[in-house]
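S.K.:
Number of protein chains: 2
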Amino acid sequence: MIGEIIAVGDELTTGRIINTTSAFAARQLFLAGHTVAAMHTIGDTPKLIGEVLKRAVGRADFVLVTGGLGATTDDLTNEATAEALERPATLHPEILEKIHARPWGDVRALEKLAWLPQGAEVLNAEARMAGHLLVHETVPVFFLPGVPMQAEKLLTEIVLPRLNDWCGGSHSAVRTRLYRTIGLSECEINQWLLTLEQEAQITIGYYPVGGEVQVSLTVAASSEAAADNLFNAADQRIRLILGEYLYGTDQETLAQIVGQLLWENKLLLATAESCTGGLIGAKITAVPGSLAWFAGGVVAYSNQLKEKLLNVDAELLRKHGAVSEPVAEAMATGLAARTGAEIAVSVTGIAGPDGGTVDKPVGTVYIGVFYQGAARAKLHHFCGSRNEIQEMTAMMALDTVRRVVLKTSKERE
Amino acid sequence: MIGEIIAVGDELTTGRIINTTSAFAARQLFLAGHTVAAMHTIGDTPKLIGEVLKRAVGRADFVLVTGGLGATTDDLTNEATAEALERPATLHPEILEKIHARPWGDVRALEKLAWLPQGAEVLNAEARMAGHLLVHETVPVFFLPGVPMQAEKLLTEIVLPRLNDWCGGSHSAVRTRLYRTIGLSECEINQWLLTLEQEAQITIGYYPVGGEVQVSLTVAASSEAAADNLFNAADQRIRLILGEYLYGTDQETLAQIVGQLLWENKLLLATAESCTGGLIGAKITAVPGSLAWFAGGVVAYSNQLKEKLLNVDAELLRKHGAVSEPVAEAMATGLAARTGAEIAVSVTGIAGPDGGTVDKPVGTVYIGVFYQGAARAKLHHFCGSRNEIQEMTAMMALDTVRRVVLKTSKERE
Numbered sequence: 001m002i003g004e005i006i007a008v009g010d011e012l013t014t015g016r017i018i019n020t021t022s023a024f025a026a027r028q029l030f031l032a033g034h035t036v037a038a039m040h041t042i043g044d045t046p047k048l049i050g051e052v053l054k055r056a057v058g059r060a061d062f063v064l065v066t067g068g069l070g071a072t073t074d075d076l077t078n079e080a081t082a083e084a085l086e087r088p089a090t091l092h093p094e095i096l097e098k099i100h101a102r103p104w105g106d107v108r109a110l111e112k113l114a115w116l117p118q119g120a121e122v123l124n125a126e127a128r129m130a131g132h133l134l135v136h137e138t139v140p141v142f143f144l145p146g147v148p149m150q151a152e153k154l155l156t157e158i159v160l161p162r163l164n165d166w167c168g169g170s171h172s173a174v175r176t177r178l179y180r181t182i183g184l185s186e187c188e189i190n191q192w193l194l195t196l197e198q199e200a201q202i203t204i205g206y207y208p209v210g211g212e213v214q215v216s217l218t219v220a221a222s223s224e225a226a227a228d229n230l231f232n233a234a235d236q237r238i239r240l241i242l243g244e245y246l247y248g249t250d251q252e253t254l255a256q257i258v259g260q261l262l263w264e265n266k267l268l269l270a271t272a273e274s275c276t277g278g279l280i281g282a283k284i285t286a287v288p289g290s291l292a293w294f295a296g297g298v299v300a301y302s303n304q305l306k307e308k309l310l311n312v313d314a315e316l317l318r319k320h321g322a323v324s325e326p327v328a329e330a331m332a333t334g335l336a337a338r339t340g341a342e343i344a345v346s347v348t349g350i351a352g353p354d355g356g357t358v359d360k361p362v363g364t365v366y367i368g369v370f371y372q373g374a375a376r377a378k379l380h381h382f383c384g385s386r387n388e389i390q391e392m393t394a395m396m397a398l399d400t401v402r403r404v405v406l407k408t409s410k411e412r413e
Numbered sequence: 001m002i003g004e005i006i007a008v009g010d011e012l013t014t015g016r017i018i019n020t021t022s023a024f025a026a027r028q029l030f031l032a033g034h035t036v037a038a039m040h041t042i043g044d045t046p047k048l049i050g051e052v053l054k055r056a057v058g059r060a061d062f063v064l065v066t067g068g069l070g071a072t073t074d075d076l077t078n079e080a081t082a083e084a085l086e087r088p089a090t091l092h093p094e095i096l097e098k099i100h101a102r103p104w105g106d107v108r109a110l111e112k113l114a115w116l117p118q119g120a121e122v123l124n125a126e127a128r129m130a131g132h133l134l135v136h137e138t139v140p141v142f143f144l145p146g147v148p149m150q151a152e153k154l155l156t157e158i159v160l161p162r163l164n165d166w167c168g169g170s171h172s173a174v175r176t177r178l179y180r181t182i183g184l185s186e187c188e189i190n191q192w193l194l195t196l197e198q199e200a201q202i203t204i205g206y207y208p209v210g211g212e213v214q215v216s217l218t219v220a221a222s223s224e225a226a227a228d229n230l231f232n233a234a235d236q237r238i239r240l241i242l243g244e245y246l247y248g249t250d251q252e253t254l255a256q257i258v259g260q261l262l263w264e265n266k267l268l269l270a271t272a273e274s275c276t277g278g279l280i281g282a283k284i285t286a287v288p289g290s291l292a293w294f295a296g297g298v299v300a301y302s303n304q305l306k307e308k309l310l311n312v313d314a315e316l317l318r319k320h321g322a323v324s325e326p327v328a329e330a331m332a333t334g335l336a337a338r339t340g341a342e343i344a345v346s347v348t349g350i351a352g353p354d355g356g357t358v359d360k361p362v363g364t365v366y367i368g369v370f371y372q373g374a375a376r377a378k379l380h381h382f383c384g385s386r387n388e389i390q391e392m393t394a395m396m397a398l399d400t401v402r403r404v405v406l407k408t409s410k411e412r413e
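Read top to bottom, the protein sequences are chains L and B. Note that the UniProt record's numbering gives residue 401 to position 401 of the first sequence, counting from 1, and the numbers run on in steps of one. Note that the UniProt record's numbering gives residue 81 to position 81 of the second sequence, counting from 1, and the numbers run on in steps of one.
(1) For the candidate residues A234(L), R386(L), G356(L), A328(L), whose alpha-carbon lies nearest to that of I284(B)?
(2) Say whether chain L places a C-beta atom closer than 8 Å to the C-beta of E325(B).
(3) Tell me the DSSP secondary structure of W115(L) in three-state form.
(4) Counting Cβ pairs closer than 8 Å, one from the region 381 to 399 of chain L and one from the region 332 to 351 of chain L, do we hit at least three?
(5) When we look at the beta-carbon of N78(L) and count the other beta-carbons within 10 Å, is it buried (16 or more) or exposed?
(6) Verify the CB distance criterion: does A26(B) have a CB-CB separation below 8 Å to chain A?
(7) So which residues of chain L does M331(B) contact, with C-beta pairs closer than 7 Å?
(8) Quick one: what's A7(B) bridged to in DSSP?
(9) For L144(B) versus T66(B), is the C-beta distance shorter than 8 Å?
(10) With 9 Å as the C-beta to C-beta threshold (strictly closer), list the residues of the region 188 to 201 of chain L near chain B in chain order.
(11) Give the C-beta separation of G296(B) and G277(B) to the nearest angstrom, bearing in mind that I take them to be a contact with Cβ-Cβ under 8 Å.
(12) Tell me which same chain residues have a C-beta within less than 7 Å of the C-beta of C383(B), skipping the five on either side of it?
(13) Would you say A37(L) reaches chain B, if we count a Cβ-Cβ gap shorter than 8 Å as a contact?
(14) Give the residues of chain B in contact with F370(L), contact being defined as C-beta atoms less than 8 Å apart.
(15) For a quick check, are the C-beta atoms of I343(L) and V401(L) less than 8 Å apart?
(16) Taking a contact to mean a Cβ-Cβ separation below 8 Å, would you say V312(L) touches G334(L) in this structure?
(17) Can you find at least 3 beta carbon pairs, one from the region 249 to 265 of chain L and one from the region 215 to 222 of chain L, that sit closer than 8 Å?
(18) Unbroken beta strand (DSSP E) runs of length 3 or more, entirely within the region 263 to 332 of chain L: which are they?
(19) So the beta strand (DSSP E) A344(B) belongs to, where does it begin and stop?
(20) Are the region 397 to 411 of chain B and the region 366 to 377 of chain B touching, with three or more C-beta to C-beta distances below 8 Å?
(21) Just to confirm the assignment, what range does the alpha helix (DSSP H) spanning H100(B) have?
(22) Once DSSP output is grouped into helix, strand and coil, what is the label at V358(B)?
(23) Could you have a look at R128(B) and say whether DSSP puts it in helix, strand or coil?
(24) Check the Cβ of Y207(B) against every Cβ in chain L and list those closer than 7 Å, keeping chain order.
(25) If you draw a straight line from the C-alpha of H136(L) to the C-alpha of P361(B), how long is it?
(26) Looking at C-beta atoms only, is the number of pairs between the region 123 to 131 of chain B and the region 80 to 100 of chain B that lie closer than 8 Å three or more?
(27) Does the beta-carbon of L262(L) have 16 or more other beta-carbons within 10 angstroms, so that it is buried, or is it exposed?
(28) Kindly list, in the order they appear in chain B, the residues whose Cβ is closer than 7 Å to that of T72(L).
(29) Let me see if you follow: with CB-CB separation under 8 Å, is K54(L) close to chain B or not?
(30) Under 7 Å Cβ-Cβ, which residues of chain L neighbour F294(B)?
(31) Q390(B) touches chain L at which residues, Cβ-Cβ below 9 Å?
(32) Take M396(B) as the anchor and find which of R376(B), E411(B), Y366(B) has the nearest alpha-carbon.
(33) Tell me which residue opens and which closes the alpha helix (DSSP H) that E83(L) is part of.
(34) Please name the residue, chosen from K319(B), N19(B), E244(B), R55(B), that lies closest to E4(B) on a Cα-to-Cα basis.
(35) Looking at chain L, is there any beta carbon in it that lies within less than 8 Å of the beta carbon of D354(B)?
(36) How would you call E212(B), buried or exposed, if buried means at least 16 neighbouring beta carbons within 10 angstroms?
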C-alpha cells in the first residue's frame, strides 16, 4: 500500500530535533512491502496540520501521524484532526479511568489525553501514550506519540500487523531480514555480498549503527512460495558469507545473544571497565533477566581503583601504563578472583579527545578476558569521537565474550 | 518570512537515510528570524513533487527544495518543476561550458545539469552543484543539491543573505534558549509557565527527553534591542520559576554540570549501581576529562557482589531485601569506604518487566548518597519500560549528587 507520514512539532520545524521517528517508520514500512510516497513535518499550527492531513487522506492508502498527542497546550494534533475531518472530540472513559488510577502526579492536567476525535479506536490502552486509529473514508489514519521509543513500539507491535491485515495479501510478497554483524567494515561486507546484491528481486542495504554493521535483505516476488524460495536461498548464502561475524538477526542485540550463550553454558560473567565507564554493564542489564548470567563488576576508571578493587599491581601500572596488555589481563584476572565469576572481561583504552600519544594514539584499546584459569588480552584500534570509541569498545568486549564461549562450546560438541 | 522546505529522494522516503539537511536548513532559517511552517520529503515521483511544490508556493513566502538535481535517471526535481510550474527546460550555456571543461568523466552524461526550468537563475556556477533560484509569482523558490555539505554551504553563503535582502529587514529579531530540567513532569512545568506562555511574542515548548524535560523559550521582536530586553526578562522569570529543577541550558548535559560542580568543590565521586548496571558511570565517562572528578565504582548487580565488593551485610539483604532504604545506604557507605571517594552514590531498584511485588512494584527505586560521613537514601517511583526506568534512575542519581553538592556549597557561602 502507498502511505504518507505526518510528523507534528515545532521542535522539528525549528530544526532543534532531527526527525528520526519518521525515518524509522519509513524504513519499517518499506521493509514490510509498503511505499511511503511523502513525509511531512508540520509545526504546532492546527490549520496547516489539518490541511496537510486532509490532502494526505485524499491521496494515500494509509496515513501515519506522529506527535502532538500529549497533554500540554502545544499538543494540537487531535484538535486539528477534529476540525479538518469534522470529527468532534469524544471522551474515552477507559483512558480517563487509567489516568485517574495513576498513584501520583497531577491527574487533572492529563485528562486531555482522554479526548479523541470521533470514531477513534485506541491502539494500546495499557501504554503510557495509547495511540489511536481513525478510519476516514476507508483510509486508515494511525496516530502515534512523538517520543521515538513509544512511537516505534506501537508501530512495530500494532500498526504494521494491522496494515498487513488491511491489505490482505494483494501486494507483492516481500520477505526481509536484518543481519547484525560485528568486526567487519561496511565496505568489506559490501565487497563480499556484491554478487548476491546484483541478482534480480534482491535488495541489500548496509547500515553502520553504533559499533556494528547491519545488513538488510529484502526479497520481492509475485507469490508467497516464490518469495520463500528466493529468500531462503539468499539467507543461506548470506549466513555462509558472514560466518562468525554474524551475531544475530532482526531485533536481537549483541548483549542478548551473549546472555543466551552464557545461560546455555551455565557461565556467570563479570565486567571490569575503564574507558567505557560502565557502558558494557549498561548494555548487559538492558536485557531483562540478565541477573541469571551477569554478576556485575567494577568500573575501574582511576588507576587507584584498578589497584584497590581489582588487585592490579602498582608496579605493573607504572611499568606498562594503564592502557597495556598486561594491565588488561591483570584486570580480568583480578576481577575473576574478586567476584568468583567464571568469565571476566576487561577493557582499558584511550577514548580521547585528549590523552593520546605517538605510541598509544586515541582509539588504542586493550580488551582482556579471563576464562578457564587463564587471561589473554588483545589490542584494538578504533576511529571516531570519544563516544563512538566507547561504543565500539563496549560492543567488541561483548563480542570477545561471545567468541570465547562459542569456541569452547563448539569444541565440546 | 514564512517558508516551506521540500526534500526529494527515495533514499529518504525508504528511511535508508535520515534527513539531516532539512533539519539543518530549518535551524538556520529559524535562527535568522524566519518560520518554517512545514517540511516535506517526497520520493522520486515527479507528479507528487510537482503537486507539493505547487501547494507550498501557493501558501508560503519562500520555498526551499533540496535533492533530485543530479544527472542520474532518478534525479527528477527539475522535470517535475518544469511541468508543475509550466516552465519548460531551458539550456544554460554557462553551465554546459563548465561541464565540457571538466578533464575527466563521461561529460555527455552530465549535460542534463545544464537544463533548468525557464527563468532559473544559477546561484553559484563555480560550485560542483550550482543550485538555482526561481521566482514564481513573487515567491522565491531556491533549489539546492541533496548532499548535506553542498546544500549547507549554498544555504548559509547564498540563500540566507538573499532571503534577508528579500524581506528588507522587515523580519523579526529572534532569541532562543533551551532549559534542561529534572525532577518535574512536563505537565507540572507547563502549569508553572502558563502565564508567561500566554504573553505576546513569546513561544514556549516542552519536550520530555530521556529522564529529563527540556523547555524551549523563543522570543521574537521587531528590533534587536527589543528582542534582547524581552528575552532577558523572560529568561529571568523562567530561572526563578524553575529554581533548582533547572540544571543547565542548551547543549549542557547533567553529567557535565555534575562534573563541573564536583571539580569546583574538589570532590571525587564513585558510583554503586545495581538496576542501572553501569549506566550512571557510562553517562559520566561520556564527558571528556571526567577522570578529574570520577574514580569509578562497582556494578553490584547480584546480591553476592553487593556483599563481596560493597561490604553490604548479608543479614541486611535478607531482612529488608536488596531494594530497600538500608541497603541503598549500606551500598553508598561501603563504596565510600572501599574507594576513598568523598561522595558515593548508589542505586537499587526494580527495572522490570518482572520482579515487581505489591509492596515494591516495578519502578520502585532507592537512591542513596554518602557524603560528609553519613549516608541517606530516598525512595523514587518511575513509570515506563525497563530501559526508561533505568534511564530515569541514572538521571535522578546524577541529580541527587548535584543537589547534595549544591546545598553544601551554598551553605559554605
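The beta carbon of each residue, even a glycine, is placed where N, CA and C say it ideally should be. This structure is a prediction, so every number in the text was calculated from the model and none was measured.
M.R.: Let's see:
(1) Position 284 of the second sequence holds residue 284(B). I284(B) has its Cα closest to that of R386(L), out of A234(L), R386(L), G356(L), A328(L).
(2) As a working note, residue 325(B) is residue 325 in the second sequence. False, the Cβ-Cβ gap to chain L never drops below 8 Å.
(3) To locate residue 115(L), count along the first sequence from 1; it is residue 115. The answer is strand: DSSP assigns W115(L) an E or B state.
(4) yes
(5) By 1-based counting over the first sequence, the position of residue 78(L) is 78. Buried is the call here.
(6) Judged by its chain identifiers, the structure shown contains no chain A, and its protein chains are L and B.
(7) For the purposes of this step, residue 331(B) is identified with residue 331 of the second sequence, where counting begins at 1. The contacting residues do not exist; M331(B) stays about 12 Å from chain L at best.
(8) Within the second sequence, residue 7(B) is the residue found at index 7, counting from 1. DSSP, once it has assigned bridges, lists T41(B), T66(B) as partnering A7(B).
(9) For this step, residue 144(B) is matched to residue 144 along the second sequence. For this step, residue 66(B) is matched to residue 66 along the second sequence. Yes, these two residues count as a Cβ contact at 8 Å.
(10) none
(11) Stepping through the second sequence from its first residue, residue 296(B) is reached at position 296. Stepping through the second sequence from its first residue, residue 277(B) is reached at position 277. Going by Cβ atoms, the distance from G296(B) to G277(B) rounds to 15 Å, so no, they are not a contact pair.
(12) As a working mapping, residue 383(B) is identified with position 383 in the second sequence. So the list reads G363, once near-sequence residues are dropped.
(13) Position 37 of the first sequence holds residue 37(L). So, interface residue.
(14) Translated into the one-based positions of the first sequence, residue 370(L) becomes position 370. Under the 8 Å cutoff, chain B gives no residues; its nearest Cβ is about 16 Å from F370(L).
(15) Against the first sequence, residue 343(L) aligns to sequence position 343. Against the first sequence, residue 401(L) aligns to sequence position 401. It is a contact, given that the beta carbons lie within the stated cut-off.
(16) Taking the first residue of the first sequence as position 1, residue 312(L) is located at position 312. Taking the first residue of the first sequence as position 1, residue 334(L) is located at position 334. Closer than 8 Å, so yes.
(17) no
(18) 269 to 273, 294 to 300
(19) Residue 344(B) sits at position 344 when you count from the first residue of the second sequence. It spans 343 to 349 - the beta strand (DSSP E) in which A344(B) sits, taken as one unbroken run.
(20) yes
(21) Here residue 100(B) corresponds to residue number 100 of the second sequence, with the count starting at 1. From DSSP, the alpha helix (DSSP H) with H100(B) extends over 93 to 100.
(22) Position 358 of the second sequence holds residue 358(B). Reduced to three states, the DSSP call for V358(B) is coil.
(23) Taking the second sequence and counting its residues from 1, the one referred to as residue 128(B) is at position 128. Of the three classes helix, strand and coil, the one that applies to R128(B) here is coil, per DSSP.
(24) What you label residue 207(B) is simply residue 207 of the second sequence in a count that begins at 1. E11, listed in chain order.
(25) The residue given as residue 136(L) occupies position 136 in the first sequence. The residue given as residue 361(B) occupies position 361 in the second sequence. Taking the straight line from one Cα to the other gives about 41 Å.
(26) yes
(27) As a working note, residue 262(L) is residue 262 in the first sequence. It counts as buried.
(28) Walking along the first sequence from the start, residue 72(L) turns up at place 72. E186, C187, N190, Y206, listed in chain order.
(29) Within the first sequence, the letter at position 54 stands for residue 54(L). It does not; no Cβ of chain B falls within 8 Å.
(30) The residue given as residue 294(B) occupies position 294 in the second sequence. The contacting residues are Y301.
(31) For this step, residue 390(B) is matched to residue 390 along the second sequence. The answer, in chain order, is A282, T285, A286.
(32) If you number the second sequence from 1, residue 396(B) lands on position 396. With distances taken between Cα atoms, M396(B) lies closest to Y366(B).
(33) One-based indexing of the first sequence puts residue 83(L) at position 83. Taken as a continuous stretch (DSSP letters only), the alpha helix (DSSP H) holding E83(L) covers 77 to 84.
(34) Counting from 1 along the second sequence, the entry for residue 4(B) is found at position 4. Among K319(B), N19(B), E244(B), R55(B), the Cα nearest to that of E4(B) belongs to R55(B).
(35) Reading the second sequence from its first residue, position 354 is the one you call residue 354(B). Closer than 8 Å to some Cβ of chain L, the Cβ of D354(B) qualifies, so yes.
(36) Here the question's residue 212(B) lines up with position 212 in the second sequence. E212(B) comes out buried.
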